[in-house]
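Enquirer: Numbering-wise (this note's numbering), the sequence shown opens with residue 1 and increments by one.
Glycine included, every Cβ here is placed at the ideal spot set by N, Cα and C.
Note that the structure is predicted; figures quoted are calculated from it, not measured.
Before anything else, here's the structure in question.
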Amino acid sequence: MSDRLDISFVSLATESEPVAAALAADALQFGPKARELDSKSAGALAKAAAAADYKGKFKSTIEILAPAKIAIDRLILAGVGKTETLTPQQLIDLGGVIVAQIQARKCSAASVIVDLEAAGELKGDEAAALIAQGAMLRHYNFKKYLTKKNSDESASAEKDGLKKLVFHVAHPDKAKAAFVPLKAVVNGVNVARDLVNEPANILGPVELAEKTKALEKLGVEVEILDVKDMEKLGMGSLLCVGQGSARPSRLAVMVWSGAKGNKKQKPVCFVGKGVVFDTGGISIKPAAGMEDMKGDMGGSAAVIGVMHALAERKANVNAVGLIGCVENMPSGKAVRPGDIVTSMSGQTIEVINTDAEGRLVLADVLWYAQEKFKPKLVIDLATLTGAIMIALGKEYAGMFVNDDKLSDELLSASKATGEKVWRMPLDKAFDKMMDSKNADMKNTGGRWGGAASAAAFLQRFIQKDVPWAHIDLAGTAMDGARTDTNQSWGAGWGVRLLDRFVAEHHEK
Ligand code: BES
Ligand code: MN
Ligand code: ZN
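Written out as structure tokens, the structure reads:
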């Protein structure tokens with residue numbers, strides 16, 4: 001687990017920690033508390049700002065050292081720009097910026113003074129809760145295997161010393177209440193980050209599946225299917241991927257029944273690719289960069305993370321998360337190119353390339369999800385293709401959807417959270433590329449449009465009239481673009497997107 005950051009909310013009158021951040025809006029406008037600090041210190045804030053030509057532009061900062069007559073040694077001013085147009089996401093980002101500034105000051109505790117009366121459409125206390133959420137997201141790191149982190153020589157040890165952030169606000173109780181669901185989402189994101197960052201020797205398929213058990217204490221029902229169970233269900237497609245590994249495959253199912261008044265409400269289903277390590281199998285990958293394939297379970301990490309968030313914030317929805325946990329290894333028992341397997345749907349698949357394993361896993365998990373839960377909609381998340389990174393880089397995940405309403409809902413959640421998705425095509429022409437002479441289909445479609453032919457393959461396992469989205473997060477789940485709120489290799493990408501998608505469109 002990452003180092004914890006303890007966040008609390010106190011009144012504006014409470015004495016500050018020696019290191020503090022306060023806000024300044026455009027044209028150097030201060031709120032009541034910053035004004036008070038400025039006048040008590042004989043105008044030290046305004047004077048320092050003028051000397052640095054600092055105006056309070058969004059995300060800009062300056063530091064004022066040892067201002068006279070106030071009990072703050074280092075005061076960081078953080079710019080909010082135009083308060084009237086501030087969006088929730090901007091406040092979250094600002095929280096990240098503030099924590100980075102504080103961490104650079106090497107202290108274990110600090111104050112953040114949020115004396116805004118309003119920010120955009122939000123009240124000041126809600127704004128403080130969002131800043132706190134951004135702070136918590138930014139603070140995450142994965143240092144559990146750095147055994148020397150407490151030695152004096154280690155610069156990173158000092159940087160990670162921040163343990164406690166105190167938010168000074170007008171109405172602490174209101175801010176605290178607003179922070180509860182926001183913190184649940186951060187916890188979900190951090191669960192996903194931890195899983196993606198964890199190496200595959202520690203996190204095998206059995207261990208990944210077992211991680212879902214931690215959700216039981218939040219009220220999630222968990223069921224784990226082993227190889228025998230999956231054999232009985234006829235999951236020849238999923239099982240062939242794991243057959244070369246010494247570590248057995250698992251399918252974990254998480255059920256959150258949170259819909260108030262309507263326990264029978266059809267669930268939304270989230271399906272995750274959980275390849276704990278992808279060597280490529282017999283179609284083995286080149287050595288360079290192969291270590292990154294410990295992150296090939298980023299889709300299932302996001303599914304576990306969003307289930308955590310929904311359950312911790314007691315979301316008013318029925319949701320099911322399903323993750324196919326396997327390891328793709330070459331061995332004397334491994335699936336070969338040319339092998340033909342039978343999926344749970346009954347459709348046969350000729351395995352042309354054992355490195356196109358993610359779709360083989362998803363084929364059976366998608367089918368099982370629909371058979372067992374008759375869902376309202378299905379969204380799968382998978383680090384499925386290198387091709388999606390060629391198309392969209394590390395900023396955007398690719399989204400393939402068979403339903404315009406579902407597409408709009410996801411795009412709107414994407415816009416709100418800054419977890420960017422771009423709609424990609426589903427097309428008969430891509431589907432045709434998956435035809436095989438020897439079986440109902442093959443698992444690779446040729447050189448061009450690799451992300452789209454992979455999606456077309458998955459669509460063959462979507463039943464009639466089921467709204468479905470496939471999100472290819474190969475570029476964003478691991479080693480994605482670093483942001484104000486994420487500095488981790490494993491980004492926990494997708495948790496905030498899906499949580500928001502549920503909150504905006506499926507909780508009424
Ligand atoms: N896990 C990979 C995709 C991937 C690559 C994710 C790089 C993240 C970073 C997937 O299983 C894979 O190997 N896909 C192949 C498919 C091909 C064999 C049709 C690919 O993209 O090369
Ligand atoms: Mn692969
Ligand atoms: Zn893979």
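1) Scan the stretch 86 to 149 and note each continuous alpha helix (DSSP H) run of 4 residues or more that stays entirely inside, going in chain order.
2) Using the three-state DSSP reduction, which class does M307 fall into: helix, strand or coil?
3) Residues with a Cβ closer than 5 Å to any heavy atom of the ligand ZN, in chain order?
4) By the DSSP assignment, the alpha helix (DSSP H) with F430 in it spans what residues?
5) Quick one: what does DSSP say E17 is sitting in, helix, strand or coil?
6) Shorter than 6 Å, the distance from the beta carbon of A474 to the closest heavy atom of the ligand GDP, or not?
7) Under the three-state reduction of DSSP, which class applies to T83: helix, strand or coil?
8) Beta-carbon within less than 6 Å of E126's beta-carbon, same chain only, minus the 5 sequence neighbours each way: which residues are those?
9) Shorter than 6 Å, the distance from the beta carbon of G324 to the closest heavy atom of the ligand BES, or not?
10) Please report the distance separating the alpha-carbon of K260 from that of S111.
11) Can you tell me which of V97, A451, I70, G242 puts its alpha carbon nearest to the alpha carbon of T483?
12) Can you name, in chain order, every residue of its own chain whose Cβ lies under 8 Å from the Cβ of E507, other than the five neighbours on each side?
13) Mind checking which residues open and close the beta strand (DSSP E) that includes H470?
14) I need the straight-line Cα distance from D296 to M434, nearest angstrom please.
15) Return helix, strand or coil for N316, following the three-state DSSP convention.
16) Any heavy atom of the ligand BES inside 6 Å of the beta-carbon of T354?
17) Quick check: the Cα distance between T61 and L77, rounded to an integer number of angstroms?
18) Excluding the 5 residues preceding and the 5 following T279 in the sequence, name in chain order all residues of the same chain whose CB lies nearer than 8 Å to its CB.
19) Only counting the same chain, and skipping five residues up and downstream in sequence, which positions put a Cβ closer than 6 Å to that of A356?
20) Contact defined as beta carbons within less than 8 Å: I believe D93 pairs with L12. What is the distance between those atoms, to the nearest angstrom?
21) Return the residue from the list V19, W367, I323, P88 that minimises the CA-CA distance to S108.
22) Three-state secondary structure (DSSP) at E36?
23) Just the Cα atoms here: how many angstroms apart are A469 and T83?
24) When DSSP labels each residue in this structure, what does N197 get in the three-state scheme?
25) So S300 and I323 are in contact, right, with Cβ under 8 Å, and what is the actual spacing, rounded?
26) Do E504 and A369 come within 7 Å of each other at the CB atom, strictly closer than that value?
27) Among Y396, V401, A51, K174, which has the Cα closest to the Cα of D465?
28) Using the three-state DSSP reduction, which class does D173 fall into: helix, strand or coil?
29) I need the DSSP call for V378, collapsed to helix, strand or coil.
30) Mind checking whether the beta-carbon of T212 lies closer than 6 Å to any heavy atom of the ligand BES?
Expert: This is what the structure gives:
1) 88 to 103, 124 to 139
2) One-based indexing of the sequence shown puts residue 307 at position 307. Three-state DSSP puts M307 in a helix.
3) V275, D278, D296, G358
4) By one-based count along the sequence shown, residue 430 stands at place 430. Residues 428 to 432.
5) Counting from 1 along the sequence shown, the entry for residue 17 is found at position 17. E17 falls in the coil class under three-state DSSP.
6) As for the ligand GDP, it is missing from this structure, which binds only the ligand BES, the ligand MN and the ligand ZN.
7) The residue you call residue 83 lines up with position 83 of the sequence shown. T83: helix per DSSP, three-state reduction.
8) Indexing the sequence shown from 1 puts residue 126 at position 126. A178, listed in sequence order.
9) Residue numbering aside, residue 324 sits at position 324 when the sequence shown is read from its first letter. No; taking the cut-off as 6 Å, the Cβ of G324 has no heavy atom of the ligand BES nearer than that.
10) What you label residue 260 is simply residue 260 of the sequence shown in a count that begins at 1. What you label residue 111 is simply residue 111 of the sequence shown in a count that begins at 1. Straight-line Cα distance between these residues: approximately 39 Å.
11) Indexing the sequence shown from 1 puts residue 483 at position 483. Minimum Cα distance to T483 is reached at V97.
12) One-based indexing of the sequence shown puts residue 507 at position 507. These residues qualify, in order along the chain: A315, N316, V317.
13) One-based indexing of the sequence shown puts residue 470 at position 470. Its beta strand (DSSP E) spans residues 468 to 472.
14) Residue 296 sits at position 296 when you count from the first residue of the sequence shown. Residue 434 sits at position 434 when you count from the first residue of the sequence shown. Looking at the two C-alpha atoms, the distance is approximately 23 Å.
15) In the sequence shown, counting from the first residue as 1, residue 316 sits at position 316. Correct three-state label for N316: coil.
16) Position 354 of the sequence shown, counted from the first residue, corresponds to residue 354. Not so, every heavy atom of the ligand BES lies at least 6 Å from the Cβ.
17) Numbered from 1 along the sequence shown, position 61 holds the residue referred to as residue 61. Numbered from 1 along the sequence shown, position 77 holds the residue referred to as residue 77. Going from the Cα of T61 to the Cα of L77 covers about 5 Å.
18) Looking up residue 279 in the sequence shown gives position 279. The answer, listed in chain order, is K285, M290, M293, N328, M329, P330.
19) Working through the sequence shown from its first residue, we reach residue 356 at position 356. So the qualifying residues of the chain are N443, T444.
20) Numbered from 1 along the sequence shown, position 93 holds the residue referred to as residue 93. Numbered from 1 along the sequence shown, position 12 holds the residue referred to as residue 12. With a Cβ gap of about 23 Å, D93 and L12 do not count as contacting.
21) Your numbering for residue 108 matches position 108 in the sequence shown. Among V19, W367, I323, P88, the Cα nearest to that of S108 is on V19.
22) The count along the sequence shown starts at 1 and reaches residue 36 at position 36. Helix, per DSSP.
23) Numbered from its first residue, the sequence shown carries residue 469 at position 469. Numbered from its first residue, the sequence shown carries residue 83 at position 83. Cα-Cα distance, rounded: 36 Å.
24) For this step, residue 197 is matched to residue 197 along the sequence shown. N197 falls in the helix class under three-state DSSP.
25) Counting from one through the sequence shown, the residue named residue 300 turns up at place 300. Counting from one through the sequence shown, the residue named residue 323 turns up at place 323. So it is a contact: roughly 4 Å between Cβ atoms.
26) In the sequence shown, residue 369 corresponds to position 369, counting from 1. In the sequence shown, residue 504 corresponds to position 504, counting from 1. Going by C-beta atoms, A369 is not nearer than 7 Å to E504.
27) The residue labelled residue 465 in the question sits at position 465 within the sequence shown. Of Y396, V401, A51, K174, the residue nearest in Cα terms is V401.
28) Residue 173 sits at position 173 when you count from the first residue of the sequence shown. Helix, per DSSP.
29) Residue numbering aside, residue 378 sits at position 378 when the sequence shown is read from its first letter. V378: strand per DSSP, three-state reduction.
30) Residue numbering aside, residue 212 sits at position 212 when the sequence shown is read from its first letter. No, Cβ of T212 sits at least 6 Å from all heavy atoms of the ligand BES.
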